[in-house]
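In the numbering used here, each residue's number is its place in the sequence shown (first place is 1) plus 1. Okay, so here's the structure we're looking at.
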Amino acid sequence: MGLGSGARAPHDLAVRGELRVGSEGLGVGRGQERDCSSPGEGQDRSGPRPQACTAPGRGSAGAFPAWPGRGREAAAAAASRSPATAPAAPGTMSGSGPEEPHPSQVSEEDRQQEAEQDWEAAKAFYDNLVTQRPRPPKPQNAITVAVSSRALFNLVEEQRIYEEQGVEKYVEYQQKNENIILKPGPAFYFVKALEHVNTRLLELYPDDEERFDIVLMTNVHAQVGVRLINSINHYGLTIERFCMTGGQSPIGYLTAYLTNLYLSADSDKVQEAIEAGIASATMFTANKDVVYSDTQLRVAFDGDAVLFSDESEQIFKEQGLDRFFEHEQLNENKPLAQGPLKGFLEDLGKLQKKFYAKNERLNCPIRTYLVTARSAASSGARVLKTLRSWGLEIDEALFLAGAPKGPILVKIRPHIFFDDQMFHIEGAQKLGAIAAHVPYGISQKYQKSS
């Protein structure tokens, strides 16, 4: 396979130690390593991290600041900053013709150019490899959903062993049972639905990389990865990117992986991710078995403190329902600020428009729902006008005026339902809905105090 004129063969690069081909794919050596370090062992997790919203119950009694946006946007901005170049190396000496510069005199610009040539050669080699499996999209083009192992699979028994007997017994148990397939966890059917959307997108846009990329983001030991891989392959899931941090928090890697959404069964890690400005939710298993759609991804969102900020909910919690209605009517034409999940709804909307462009609106494999406790007549107009101002559509809007959400969710059967209040999560669980708690906004303060 040709690598283009002037490019060095991968074999030559491998001899020089600049090209690595292994189970993680291809990488380049000098000048191309990414700094994706996770927090070290024993390190205070409350130490410096990207500044975002204030954790509930910490600092002042006020509500969360405005949602700062997705972690991937900050990473992309940092990556776009070009490094400063060193002074150019001398060219000639007096009284003689041009001579080769000494290695120490090679400028930073030359090193960067050489590294780019190495990367182009590696990329050409990788792109020409023949495979029947769909390649993961490039992270900068993908909608990256990071899922923990306990969200993807049912690891209740394994977690019990870890908590009661320690990490060594946990790893030993996992290795002894690595050929026993794990059962689905709360995020499993959501991931399956994401991959169905990818299949449909590839049929319509075979060369387009704007689709979902699922990353397994977990703090388990690498040796446990064999059982996870066996289970993923058994179910036919396409999850090629893993991050296994051996007992350390994986949150430090979320920005490096350009994560759009993080789902975990560990509420502490979800809170840490929310504080880092990454859309996140804690997954809860439904108490009943429900059959979910195989052909349509269904995502249900609460409004306040999920899609929108908690500014209006502050009025309701602190000044009462009548003052809340008055406030919403006075501010009907003022868009609400964004909440943690607004970015993910935006991502879903972009993919929906790709289907609409191919005349597939009636056969679109994505459907979105707003399920809110707001009253339509008293406070619904501001919500709908906010979505309109963002240029976003919601397929179905359900204003319940304080009625329980569980019965509505049973009819919808969403693959995931995002809400900021635990009593809505628990009500959904009892009736068989898969719910995800978003720990953001003033409701967290009231939940902790109660």
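Here a beta-carbon is modelled for each residue, glycine too, at the ideal position from N, C-alpha and C. Given the structure is predicted, the values throughout are model-derived calculations rather than measurements.
Note on geometry: alpha-carbon atoms of V411 and G433 lie some 7 Å from one another. DSSP, reduced to helix, strand and coil, places T296 outside both helices and strands of the structure shown, so it counts as coil.
CA-to-CA, the gap between N364 and I435 works out to about 24 Å. Residues of the same chain with a CB within less than 7 Å of the CB of E347, apart from the 5 flanking positions on each side, are L393 in chain order. At the C-beta level, S281 and V271 come within 9 Å of one another. Contact check for T256 against A287 fails: the beta carbons are separated by 9 Å or more.
Distance from L342 to L385 at the Cβ level is roughly 17 Å; contact not present, criterion being Cβ atoms closer than 8 Å.
When beta bridges are read from the DSSP output, Q339 appears opposite F309. For I367, the enclosing beta strand (DSSP E) starts and ends at I367 to T373. Rounded to the nearest angstrom, the gap between the Cα atoms of V168 and H222 is 9 Å. In the same chain as F154, and ignoring 5 residues on each side of it, the C-beta atoms closer than 8 Å to its own belong to L183, K184, P185, G186, F189, L229 and S232, in chain order. In this structure, E179 and V227 form a Cβ contact; the two beta carbons are roughly 5 Å apart against a cut-off of 8 Å. Rounded to whole angstroms, the Cβ separation of R389 and E329 is 16 Å, and the two are not in contact under 8 Å.
Annotation: the continuous alpha helix (DSSP H) that includes H425 extends over M423 to K431. The beta carbon of G407 sits closer than 6 Å to those of G428, A429 and L432, all from its chain and outside the five residues before and after it, given in chain order. By the neighbour-count definition (other C-beta atoms within 10 Å, threshold 16), T387 is a buried residue. Contact check between the stretch 303-323 and the stretch 188-206: fewer than three CB pairs, one atom from each, fall below 8 Å, which does not count as touching. Rounded to the nearest angstrom, the Cβ distance from H197 to L298 is 7 Å, consistent with a contact under 8 Å. L217 carries a strand assignment under DSSP once its states are collapsed to helix, strand and coil. Here S149 really is in contact with A266; their C-beta atoms are around 6 Å apart, less than 8 Å. DSSP lists no bridge partner for P138. Its Cα nearest to that of E397, the residue T369 stands out among R375, W391 and T369.
Under the three-state reduction of DSSP output, S108 falls in the coil class, being neither helix nor strand.
CA-CA distance, Q176 to I409, rounds to 42 Å. Residue burial is scored here from C-beta neighbours: Q422 has at least 16 other C-beta atoms within 10 angstroms and is therefore classed as buried. Residue pairing of H438 in beta bridges, as defined by DSSP: T283 and D420.
In terms of CA proximity to I443, E319 leads the group N332, E319 and A274. Every alpha helix (DSSP H) stretch that sits fully inside the stretch 191-278 and reaches 4 residues is listed by chain position as 226-235, 252-255 and 268-276. Within its own chain, the residues whose Cβ lies closer than 8 Å to the Cβ of I181, once the five positions on either side in sequence are excluded, are R228, listed in chain order. Assigned with DSSP and collapsed to three states, V146 falls in strand. Look at P408 here: in three-state DSSP terms it is helix.
In this structure G321 does not touch W68 by the C-beta definition: roughly 25 Å separates them, more than the 8 Å allowed. In the structure shown, A67 adopts coil according to DSSP, grouped into three states.
Inclusion of F285 and H438 in the CB contact set at 9 Å is warranted, their separation being smaller than that value. From the listed residues D420, G248, Y254 and V372, the smallest Cα separation to R242 is found for Y254. Bounds of any beta strand (DSSP E) do not take in L331; it lies within the alpha helix (DSSP H) bounded by L322 to L331.
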